[in-house]
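Residue numbers (our numbering): 9 to 99. Worksheet: the structure to be examined is printed underneath.
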């Protein structure tokens with residue numbers, strides 16, 4: 009399974025970003041994937057934070073529902089405060 013990065017609107021702020029799939033399990037039409045995002049904030053304001061070239065690395069859990077080989081439902085769970093801390097440099 010691949011994740012089509014061109015569909016993510018926030019990610020142009022992180023040119024050359026990557027998702028590393030650490031673990032994936034599937035049962036029936038349900039898939040759970042544990043991923044690690046890695047990228048450098050180079051453009052666009054995110055959460056009120058201007059780009060400063062800071063590297064961002066965070067884990068997320070994606071829950072997917074598949075039908076006829078296509079993702080029909082997607083949920084992503086991640087720590088938004090961790091992202092804010094990394095980009096802002098605040099503790």
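Beta carbons are placed, not taken as given, at the ideal position from N, Cα and C, and that holds for glycine.
Under the DSSP assignment, residue 96 falls outside any beta strand (DSSP E), being part of the alpha helix (DSSP H) whose first and last residues are 88 to 96.
Boundaries cannot be given for residue 61, as no beta strand (DSSP E) includes it and DSSP labels it neither H nor E. Within the DSSP bridge table, the entry for residue 33 names 40 as partners.
Burial state of residue 85 is exposed, judged by a 10 Å Cβ sphere holding fewer than 16 other Cβ atoms. In terms of Cα proximity to residue 52, the closest of 60, 46 and 24 is 60. In this structure, the alpha-carbon of residue 87 lies about 8 Å from that of residue 66. The C-alpha of residue 79 lies about 7 Å from the C-alpha of residue 72.
Cβ contact annotation for residue 26 (same chain, cutoff 8 Å, sequence separation greater than five): 45, 46 and 47, in chain order.
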